[in-house]
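Using the working numbering, the letters of the sequence shown map in sequence onto residues 171 to 677.
C-beta: ideal position from N, C-alpha, C; glycine also.
Computed from a prediction, not measured in an experiment: that's the story for all the values here.
What follows is one structure encoded as structure tokens, with my remarks underneath.
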Amino acid sequence: MTANKENMTAKSVGTKCFQNINALAPMVRVGTLPMRLLALDYGADMVYSEELIDIKMAQCQRVVNEVLETVDFVAPDERVMFRTCKKEKQRVVLQMGTADPDRALAVARLVENDVAAIDINMGCPKEYSTKGGMGAALLSDPDRIESILRTLVNGVSKPVTCKIRILPTLEETLSLVKRIESTGVNAIGVHGRFKDERPRHPVHCDFIKAVSENVSIPVIANGGSLDLIKDHADIDEFRRVTGASSVMVARAAMWNPSVFRSQGLLPLEEVMKEYLKYAVRYDNHAFNTKYCLCQMLRDKVESPMGKQLLSAQTNEDICEAYGVQDYYKKTQAELQTRRDAMETNLSDPNHPVLDGDVTTMRVKFERREYPGEFSPKMFLLEWSRKENLEQPTYETVQRMQDRAFQSIVTMAGNKYRSTLWEKSKKFAEQAAAIVCLRVLGLPEGRVGEEYSGLVGKRKREEKRMDAPGEEDISVECGARKRHSAELLVSSGEPTIPNGVKHKTSTV
Ligand SMILES: Cc1cc2nc3c(=O)[nH]c(=O)nc-3n(C[C@H](O)[C@H](O)[C@H](O)COP(=O)(O)O)c2cc1C
């Protein structure tokens, strides 16, 4: 398939996942993992994260949390900015607040393998968003909108969408959405309110309808919670009235996420207990758990249950208030068992852990442990030759906050990576090679292994004839290619933001 055709196919697949769907709309503090999972359980097709600001996300490190079985994006101060899990991988849309195409791309690439799509917030009228040129401020800067969306559409493999508010006139609104459509985005969310309107104002279904009639990508209608959407049947009616392909629901879902249930709403107390179970299972911050439950209680926060909730400090306290302490204890015990097992495994540096399709180990390349002439990379290369396999290939990323490197080596179709970051690209590649060699049970050139016979006499002779530095050893035709790739890193190329792919190099 040609690249163009591949893009077309990816695009149409991406567009399909926004056709005829009901989605949980992005909501700050509300759209965290427990709420998203609950909305999916009740029938939502897609779930949006809360708005995550590009600058904060760009500083995050992607961490596989083996105890919780989640992928966490962790800020330098250890705060988890975004937590996700396998159950929502095909359904979660990460909403980003951005005003900068390059930074947006860096963040999108950081998360693209863990989410279903990327959405850009162009509707938030709050000052914290608009003063940085983000959110609704973008609505008056269509050039920037176009630049951000085109950069993302061309730069990531996942569908890209955006969520706007309507502009003062229909003409302006239609002109904007047509321009947005021309960037190649897969869908457009339309909150049918003007920038200055408050959530209590009636939604302008006529504007959403006009947008639906004038673009060919799916329109996701939004803004119907207050007076139109009370249950699942109302979501369908909102779709019909707005002529939109899809609907996204914010407040009605925040008040009772079972709004997505085609069989009708569930009693709030039952819904709150289910929410709480997810909060416990995924170690949600108690402050956030409390906030979401308070939103569900609405005017009942003054009730005895509400007061108990308000005085709770921990997830355990909240569970007690809701009579689910047995679930809390059982889940804590299970998590502790996993934690203990992980600690045992972690103390064994040779314990491989699968992260997606990459086998990982906690390995650091300590040069002094490899005093011989041959590096782990050379051992791996020589082994691949002996086995008539394709040469190993290395793909390296550099993260923004400390400029450290991490490599993945692909050998015989399998990928290997160390979970530790290294100070140079060369070391990162060596660490990846070590992981691969250890998993395959092969010698790696550590003290006492140098002359295992894997790296043959020919290699030693090549080395002696060549330059003294280990990485300068010419390995047949691979050498020239490798040199140029490595020069790109060492010759002061601009720092590549968190998680952005570096050059692929072969040994
Ligand atoms: C608590 C809360 C947080 C919100 N946070 C976001 C956000 O992070 N990003 C966004 O685009 N809109 C956000 N919104 C707006 C909603 O996504 C939605 O556009 C608005 O509430 C209208 O939809 P509704 O009538 O279904 O509530 C938020 C709304 C609420 C109530």
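Inter-residue spacing [alpha-carbon to alpha-carbon] between Arg301 and Ala214: For this step, residue 301 is matched to residue 131 along the sequence shown. For this step, residue 214 is matched to residue 44 along the sequence shown. With the sequence shown as reference, residue 301 is identified as Lys, and Arg is not the correct amino acid for it. Roughly 33 Å between the two C-alpha positions.
Distance cut-off 7 Å: Gln483 Cβ against heavy atoms of ligand 2: Ligand 2 is absent from the structure shown, which contains only ligand 1.
Reduced DSSP category for Gln483 - H, G, I as helix; E, B as strand; rest coil: Reading the sequence shown from its first residue, position 313 is the one you call residue 483. Three-state result, Gln483: coil.
Own chain, CB closer than 6 Å to Arg409, minus 5 neighbours either side, in chain order: Here the question's residue 409 lines up with position 239 in the sequence shown. These residues qualify, in order along the chain: Val417.
Assumed close pair Val441, Met475 - CB separation to whole angstroms, cut-off 8 Å: Here the question's residue 441 lines up with position 271 in the sequence shown. Here the question's residue 475 lines up with position 305 in the sequence shown. With 8 Å as the limit, Val441 and Met475 do not qualify as a contact, their Cβ atoms being about 13 Å apart.
Enclosing beta strand (DSSP E) for His361 [first to last residue]: Numbered from its first residue, the sequence shown carries residue 361 at position 191. Residues Ala357 to Phe364.
Complete beta strand (DSSP E) runs within the segment 190 to 226 (minimum length 3 residues, chain order): As far as the segment 190 to 226 is concerned, its whole beta strand (DSSP E) runs of at least 3 residues are 192 to 194 and 216 to 218.
The segment 377 to 395 / the segment 415 to 431 touching (three or more Cβ pairs under 8 Å): Contact holds: three or more Cβ-Cβ distances are below 8 Å.
Ile390 - containing beta strand (DSSP E), residue span: Sequence index remark: in the sequence shown, residue 390 carries index 220 (1-based). Unbroken beta strand (DSSP E) run through Ile390: Val389 to Asn392.
Start-to-end residues for the beta strand (DSSP E) that takes in Gln260: Counting from one through the sequence shown, the residue named residue 260 turns up at place 90. Bounds of any beta strand (DSSP E) do not take in Gln260, whose DSSP letter is neither H nor E.
Beta-carbon proximity list for Ala245, same chain, < 7 Å, skipping 5 on both sides: Here residue 245 refers to the residue found at position 75 of the sequence shown. Counting only Cβ-Cβ distances below 7 Å, and skipping sequence neighbours, we find Lys226, Gln229, Cys230 and Met251.
6 Å CB neighbourhood of Arg509 in its chain, flanking five on each side removed: By one-based count along the sequence shown, residue 509 stands at place 339. Excluding sequence neighbours, Arg509 sits near Val237.
Contact test: Ser416 Cβ vs ligand 1 heavy atom, cutoff 7 Å: Here residue 416 corresponds to residue number 246 of the sequence shown, with the count starting at 1. No, since every heavy atom of ligand 1 falls outside the 7 Å radius drawn around the Cβ of Ser416.
Three-state class that DSSP yields for Ala245 in the structure shown: Locating residue 245 in the sequence shown gives position 75, where the first residue counts as 1. Ala245 falls in the coil class under three-state DSSP.
Arg608 versus Asn520 - alpha carbon distance: What you label residue 608 is simply residue 438 of the sequence shown in a count that begins at 1. What you label residue 520 is simply residue 350 of the sequence shown in a count that begins at 1. Near 7 Å, if we compare the C-alpha coordinates of Asn520 and Arg608.
Helix, strand or coil at Ser416 according to DSSP, with G and I counted as helix: In the sequence shown, counting from the first residue as 1, residue 416 sits at position 246. Here Ser416 sits in strand by DSSP.
Straight-line gap, Ser588 to Thr339 (C-alpha atoms, nearest Å): Counting from 1 along the sequence shown, the entry for residue 588 is found at position 418. Counting from 1 along the sequence shown, the entry for residue 339 is found at position 169. Here the alpha carbon of Ser588 sits roughly 55 Å from the alpha carbon of Thr339.
Contacting residues, own chain, Cβ-Cβ under 7 Å from Val277 (five flanking each side not counted): Translated into the one-based positions of the sequence shown, residue 277 becomes position 107. These residues qualify, in order along the chain: Asp224, Met227, Ala228 and Met266.
Closer than 7 Å: Met424 CB and nearest ligand 1 heavy atom: The residue given as residue 424 occupies position 254 in the sequence shown. Result yes, Cβ under 7 Å from ligand 1.
Short Cβ contact (8 Å threshold) for Gly293 with His361: The residue labelled residue 293 in the question sits at position 123 within the sequence shown. The residue labelled residue 361 in the question sits at position 191 within the sequence shown. In this structure, His361 lies closer than 8 Å to Gly293 by Cβ.
Proximal residues to Met512 (C-beta, below 8 Å), its chain only, five neighbours per side dropped: Position 342 of the sequence shown, counted from the start, is the residue given in the question as residue 512. Closer than 8 Å at Cβ, skipping near neighbours: Glu236 and Val237.
Met570, DSSP secondary structure in three states: Working through the sequence shown from its first residue, we reach residue 570 at position 400. In the three-state DSSP reduction, Met570 falls in the coil class, being neither helix nor strand.
Lys671 burial status per 10 Å Cβ neighbour count (16 or more: buried): Counting from one through the sequence shown, the residue named residue 671 turns up at place 501. Confidence at Lys671 is low in this model, with a pLDDT of 32, below 50, so its placement is unreliable and the value that follows should be read with caution. Its Cβ having fewer than 16 others within 10 Å, Lys671 is exposed.
Alpha-carbon to alpha-carbon, Leu208 and Tyr498: Counting from 1 along the sequence shown, the entry for residue 498 is found at position 328. Counting from 1 along the sequence shown, the entry for residue 208 is found at position 38. So the two alpha carbons sit approximately 17 Å from each other.
Beta-carbon spacing of Tyr492, Leu203 below 8 Å: As a first step, residue 492 is located in the sequence shown; it is residue number 322 there, counting from the start. As a first step, residue 203 is located in the sequence shown; it is residue number 33 there, counting from the start. Result no, Cβ atoms of Tyr492 and Leu203 do not sit closer than 8 Å.
Helix, strand or coil at Glu351 according to DSSP, with G and I counted as helix: To locate residue 351, count along the sequence shown from 1; it is residue 181. DSSP, read as helix, strand or coil, puts Glu351 in helix.
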